[in-house]
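These protein sequence lines map, in sequence, to chains P and U. In the working numbering, each number is its position in the first sequence, counted from 1, plus 6. In the working numbering, each number is its position in the second sequence, counted from 1, plus 3. Note that CB positions come from ideal geometry on N, CA and C, so glycine has one too. Take a look at the structure below.
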Amino acid sequence: GNSVTQMEGPVTLSEEAFLTINCTYTATGYPSLFWYVQYPGEGLQLLLKATKADDKGSNKGFEATYRKETTSFHLEKGSVQVSDSAVYFCALREIGNQFYFGTGTSLTVIP
Amino acid sequence: GAVVSQHPSWVICKSGTSVKIECRSLDFQATTMFWYRQFPKQSLMLMATSNEGSKATYEQGVEKDKFLINHASLTLSTLTVTSAHPEDSSFYICSARAFGEGTSSGANVLTFGAGSRLTVL
Numbered sequence: 007g008n009s010v011t012q013m014e015g016p017v018t019l020s021e022e023a024f025l026t027i028n029c030t031y032t033a034t035g036y037p038s039l040f041w042y043v044q045y046p047g048e049g050l051q052l053l054l055k056a057t058k059a060d061d062k063g064s065n066k067g068f069e070a071t072y073r074k075e076t077t078s079f080h081l082e083k084g085s086v087q088v089s090d091s092a093v094y095f096c097a098l099r100e101i102g103n104q105f106y107f108g109t110g111t112s113l114t115v116i117p
Numbered sequence: 004g005a006v007v008s009q010h011p012s013w014v015i016c017k018s019g020t021s022v023k024i025e026c027r028s029l030d031f032q033a034t035t036m037f038w039y040r041q042f043p044k045q046s047l048m049l050m051a052t053s054n055e056g057s058k059a060t061y062e063q064g065v066e067k068d069k070f071l072i073n074h075a076s077l078t079l080s081t082l083t084v085t086s087a088h089p090e091d092s093s094f095y096i097c098s099a100r101a102f103g104e105g106t107s108s109g110a111n112v113l114t115f116g117a118g119s120r121l122t123v124l
């Protein structure tokens, strides 16, 4: 079946530190992969996506590469800011099917 | 961009009472809305898919008589937790897919509400 495994948090980083949030998946077909972000008090927002192997999604300085060989979609950012403090969800979706989410990783960036 | 409003954001109720959570698409029509539930330290789990004008489709293990879903219009879906018990305490979040968005693309995205935290005493 389909599933998403995401590194547990919480993660606390100093401003300008490098961020990696690991995400691996299990899928029966060829899913699209997503990272969603939830800022305090707000709904989940799409951060970035990749629809096929070797695609790189990027947005707001965040990047994630669809690695089929390692079934991974790790989220990275070279220099985090306080405003990046949020909960990050990795997700997959196969065509016509539902989304499968990871457990979410809480990130706190301290000045 | 598309906005989904979910209300209430927090609700505390006594055991045995019913609680209604509303999910509204504010600036688009949503033919399909999804209801998720998240227990602490667990994944967001899909509970049901609601389509405007028809019965909701529930995921395996979700009691349809306990979690009543109504999608009476293209902008509103409601989830009613009937006879709530402490084990129903959870974070409920809805999402919507806009009218016209097909299911053929893996890039299909959803717009999520901010979620509703239910605590049953």
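- If the five residues before and after residue 38/U are omitted, its C-beta is found closer than 6 Å to the C-beta atoms of 50, 51, 82, 97, all from its own chain and listed in chain order.
- Nearest to residue 88/U by C-alpha distance, out of 16/U, 12/U, 55/U, is 16/U.
- From the beta-carbon of residue 115/U, the residues of chain P found nearer than 7 Å are 49, 50.
- Here DSSP, grouped into helix, strand and coil, assigns residue 25/U to strand.
- Not a single C-beta of chain P is nearer than 8 Å to the C-beta of residue 56/U.
- Rounded to whole angstroms, residue 107/P and residue 49/P show a C-alpha spacing of 15 Å.
- About 11 Å separates the Cβ atoms of residue 116/P and residue 22/P, ruling out a contact at the 8 Å cut-off.
- Within chain U, 41, 44, 45, 46, 47 have C-beta atoms less than 9 Å from the C-beta of residue 109/P, given in sequence order.
- Within the segment 56-76 of chain U, 62 place their CB atoms closer than 9 Å to a CB of chain P, listed in sequence order.
- A contact is defined here as three or more CB-CB pairs under 8 Å, and the segment 24-38 of chain U meets this definition with respect to the segment 60-80 of chain U.
- Here residue 64/U is exposed, its C-beta having fewer than 16 other C-beta atoms within 10 Å.
- When the beta-carbon positions are compared, residue 7/U and residue 119/U stay at least 8 Å from each other.
- Taking the Cβ atoms as the reference, residue 69/P lies roughly 10 Å from residue 26/P, outside the contact range of under 8 Å.
- In the DSSP annotation of this structure, residue 109/P is not part of any beta strand (DSSP E), being labelled neither H nor E.
- Counting only Cβ-Cβ distances below 8 Å, residue 7/U has contacts in chain P at 49, in chain order.
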